[in-house]
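J.:
Protein chains: 2
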Amino acid sequence: MNEWKHIFKLDPAKEISNEQLDILCTSGTDAIMVGGTDDITYRGVEDLLNRLSHYSVHKILEISRMDAITTGFDDYFIPMVLNSKEKKWMMDMHHQGIKQHMDYIDYVQPVFEGYCILNEEAKVFQYTNSTLPDAEDTLVYAYMAEEVFHLPIFYLEYSGIYGDAELVKQVSHQLNDTLLFYGGGIENAHQAKEMKQYADVIIVGNSIYTDFDKALETVRAVKP
Amino acid sequence: MNEWKHIFKLDPAKEISNEQLDILCTSGTDAIMVGGTDDITYRGVEDLLNRLSHYSVHKILEISRMDAITTGFDDYFIPMVLNSKEKKWMMDMHHQGIKQHMDYIDYVQPVFEGYCILNEEAKVFQYTNSTLPDAEDTLVYAYMAEEVFHLPIFYLEYSGIYGDAELVKQVSHQLNDTLLFYGGGIENAHQAKEMKQYADVIIVGNSIYTDFDKALETVRAVKP
Chain A
1 MNEWKHIFKL
11 DPAKEISNEQ
21 LDILCTSGTD
31 AIMVGGTDDI
41 TYRGVEDLLN
51 RLSHYSVHKI
61 LEISRMDAIT
71 TGFDDYFIPM
81 VLNSKEKKWM
91 MDMHHQGIKQ
101 HMDYIDYVQP
111 VFEGYCILNE
121 EAKVFQYTNS
131 TLPDAEDTLV
141 YAYMAEEVFH
151 LPIFYLEYSG
161 IYGDAELVKQ
171 VSHQLNDTLL
181 FYGGGIENAH
191 QAKEMKQYAD
201 VIIVGNSIYT
211 DFDKALETVR
221 AVKP
Chain B
1 MNEWKHIFKL
11 DPAKEISNEQ
21 LDILCTSGTD
31 AIMVGGTDDI
41 TYRGVEDLLN
51 RLSHYSVHKI
61 LEISRMDAIT
71 TGFDDYFIPM
81 VLNSKEKKWM
91 MDMHHQGIKQ
101 HMDYIDYVQP
111 VFEGYCILNE
121 EAKVFQYTNS
131 TLPDAEDTLV
141 YAYMAEEVFH
151 LPIFYLEYSG
161 IYGDAELVKQ
171 VSHQLNDTLL
181 FYGGGIENAH
191 QAKEMKQYAD
201 VIIVGNSIYT
211 DFDKALETVR
221 AVKP
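If you read the sequences in order, they're chains A and B. Oh and the first sequence: position 85 is 85 in UniProt numbering, straight run, nothing missing. Oh and the second sequence: position 57 is 57 in UniProt numbering, straight run, nothing missing.
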């Protein structure tokens, strides 16, 4: 994971052709992450995993609902929303999920991500009852992710809009061991390059479904 | 800290004579921790620190209010209440406190404790709006303290009553790297020994103020 630079994030509720899936899986991206906020079903995740199973690309399930967990992924990522107003989204749902799956959790070894959601208009922001941090608050969340919780990943999520590169830069200076993931609004090679200067890993999601060819260029932009 | 076995916890809102303080500080205990829920004031903490300053014993301030922070302690411990219903007691007050003190936090290097409060009648339980976990819930909190948050300390706090030794034993088996602190109702050498079988560190507090001589015996009971 320390070598990763680029991830494509697929939403199981959205349509993607076999041809496009083939291109993404063999694009040179470091991983395909399956996740989304709406309409995540066991069936949708399983269908997508089946279609991905022909490819050797690293496959991650980002767990947003405990009832949509499918075995067969290489990694399970679990967001903890640091800027939610509710403890539920930070750790209580996780507590419940771990309790349910305690018997094989050591086998699965889930990866916990410290999320900071920065787009008030995003569904995930509203769904998790988040509060918008200013730049200083965001830096303190980054500090806590690394120094208090020792999380492997701090994930700046602009979900649908292109973020503030200056803030991403500041956050990157705050972090040492914890990896900085950046997601949100990356639609072309230029944006990919800009955010990759600061983030360890950029995540390209929505633009797969809006402008596939440009989304594809983001791989080569950061992995020359 | 990995070598510690015993801590005396002093409440700055309670009276203690100079003679008793001298006996505690030179008793062989590993540290004196200053902390409490009620009436913690800057003045009270500072007075107690002044009286402790003549002794070489390790001095810890357990921070329960950001306005009662006094410099001069060897360590600053900050409880995060894992079983509170409110995110505030788990991480939001800490976020605010870190933001206020960001300039010298690297110098202070506070130690974050994962608290699990197990006495519904305790003031601290009600004050932090906690919810009573059953044994399985408690084990999952211990798991999260170590495997998710990588906290240095998991603190089972029975606050005023003597706890369930069987549960303390189970929790001790759950933990590897994270230290298990046990506090609550230890009033004599026998109880100290029983809990010390499982906990890395026992904390003796209230009984200092109710039966000083027996409280003192708890040191020798666990540090022969």
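Glycine included, C-beta positions come from ideal geometry on N, C-alpha and C.
#1: Given that Val140(A) touches chain B, what residues does it touch there, using C-beta distances under 8 Å?
#2: At a Cβ threshold of 8 Å, is residue 225(A) touching chain B?
#3: Does DSSP put Lys59(A) in a helix, in a strand, or in coil?
#4: So Asp137(B) contacts chain C; which residues on that side make the cut at Cβ distance below 8 Å?
#5: Go to Ala31(A), then tell me how far its beta strand (DSSP E) extends in each direction, as first and last residue.
#6: With a cut-off of 8 Å, does the C-beta of Tyr76(B) fall near any C-beta of chain A?
#7: Please report the residue range of the beta strand (DSSP E) in which Met80(B) lies.
#8: When the Cα atoms are used, what is the spatial distance from Thr138(A) to Cys116(A)?
#9: Using a Cβ-Cβ distance under 8 Å, would His54(A) count as near chain B?
#10: For Cys5(B), which three-state DSSP category applies?
#11: Give me, in chain order, the residues of the same chain whose beta-carbon lies closer than 6 Å to that of residue 250(A); leave out the 5 immediate sequence neighbours on both sides.
#12: Go ahead and label His94(B) buried or exposed: buried means 16 or more other beta carbons lie within 10 angstroms of its beta carbon, across all protein chains shown.
#13: Closest to Val140(A) by CA distance: which of Glu113(B), Ile16(B), Asp177(B) and Ile105(B) is it?
#14: Could you check how far apart the C-beta atoms of Glu194(B) and Lys214(B) are, in whole angstroms? I think they sit under 8 Å.
#15: Which residue marks the beginning of the beta strand (DSSP E) containing Ile202(B), and which one marks its end?
#16: Contact defined as beta carbons within less than 8 Å: I believe Val222(A) pairs with His6(A). What is the distance between those atoms, to the nearest angstrom?
#17: Would Val204(A) and Lys14(A) be called neighbours here (beta carbons separated by less than 8 Å)?
#18: Got a sec? Which residues, its chain only, sit under 7 Å from Ile161(B) by beta carbon, not counting five neighbours each side?
#19: List the residues of chain A whose Cβ lies closer than 7 Å to the Cβ of Met1(B), in chain order.
#20: Checking contacts by CB at 8 Å: is His173(A) closer than that to chain B?
#21: How close, in whole Å, do the beta carbons of Phe112(A) and Ile78(A) come, if the pair is a contact with beta carbons under 8 Å?
#22: Mark Gln109(A) as exposed unless 16 or more other C-beta atoms lie within 10 angstroms of its C-beta, in which case mark it buried.
#23: Give me the Cα-Cα distance between Leu156(A) and Val219(A), rounded to the nearest whole angstrom.
#24: Could you check if Lys59(A) is buried or exposed, using at least 16 other CB atoms within 10 Å of its CB as the buried criterion?
#25: For Leu151(B), which residues in the same chain have their Cβ closer than 8 Å to its Cβ, ignoring the five residues on either side in sequence?
#26: Comparing the CB of Leu175(A) with every heavy atom of the ligand GDP, is any distance shorter than 7 Å?
#27: My assumption, with CB atoms under 8 Å, is that Tyr143(B) sits in contact with Ile208(A). Please give the rounded CB distance.
#28: Going by C-alpha to C-alpha distance, which of Met102(A), Glu3(A), Ser64(A) and Gly163(A) sits closest to Ala135(A)?
#29: For Asn176(B), does the count of other Cβ atoms within 10 angstroms reach 16, so buried, or fall short, so exposed?
#30: Exposed or buried, what is Asn206(A) when buried is set at 16 or more other beta-carbons lying within 10 Å of its beta-carbon?
#31: If the criterion is Cβ atoms closer than 8 Å, does the pair Ile32(B) and Leu216(B) meet it?
#32: For a cutoff of 8 Å on Cβ pairs, would you count Lys14(A) as touching chain B?
#33: According to DSSP, is Phe125(A) part of a helix, a strand, or is it coil?
#34: Could you pull the DSSP bridge partners for Glu113(A) from this structure?
#35: I'd like the span of the beta strand (DSSP E) that includes Tyr182(B), first residue to last.
#36: Helix, strand or coil: how does DSSP classify Ser130(B) here?
T.: Judging by the given coordinates:
#1: His95, Ile98, Lys99 and Met102
#2: Outside the displayed range of chain A (1 to 224) lies residue 225(A), so it cannot be described from this structure.
#3: strand
#4: Although the question refers to chain C, the structure presented lacks it and instead comprises the protein chains A and B.
#5: Ala31 to Val34
#6: no
#7: Asp75 to Val81
#8: Each residue's Cα considered, the two are about 7 Å apart.
#9: no
#10: The sequence shown places Lys at residue 5(B), not Cys. Lys5(B) falls in the coil class under three-state DSSP.
#11: The displayed coordinates of chain A run from 1 to 224. Any statement about residue 250(A) would go beyond what the structure contains.
#12: By the 10 Å Cβ count, His94(B) comes out buried.
#13: Per the Cα distances, Ile105(B).
#14: 14 Å between Cβ atoms; not a contact.
#15: Residue range Val201 to Val204 is occupied by the beta strand (DSSP E) that includes Ile202(B).
#16: 5 Å
#17: Going by C-beta atoms, Val204(A) is not nearer than 8 Å to Lys14(A).
#18: Asn119, Gly184 and Gly185
#19: Within chain A, no residue comes near Met1(B); the closest Cβ sits about 16 Å away, beyond 7 Å.
#20: no
#21: Indeed they touch by this definition, with Cβ atoms about 5 Å apart.
#22: exposed
#23: 19 Å
#24: buried
#25: Met80, Phe112, Glu113, Gly114, Ala145 and Thr178
#26: Because no ligand of any kind appears in the structure shown, any question about the ligand GDP cannot be addressed here.
#27: Tyr143(B) to Ile208(A), Cβ: 36 Å. No contact.
#28: Gly163(A)
#29: exposed
#30: Asn206(A) sits buried, since 16 or more C-beta atoms from the chains shown fall within 10 Å of its C-beta.
#31: Against a cut-off of 8 Å, the Cβ pair of Leu216(B) and Ile32(B) comes out as no contact.
#32: No, because no Cβ of chain B sits closer than 8 Å to the Cβ of Lys14(A).
#33: helix
#34: Pro79(A) and Ile153(A)
#35: Leu179 to Gly183
#36: strand
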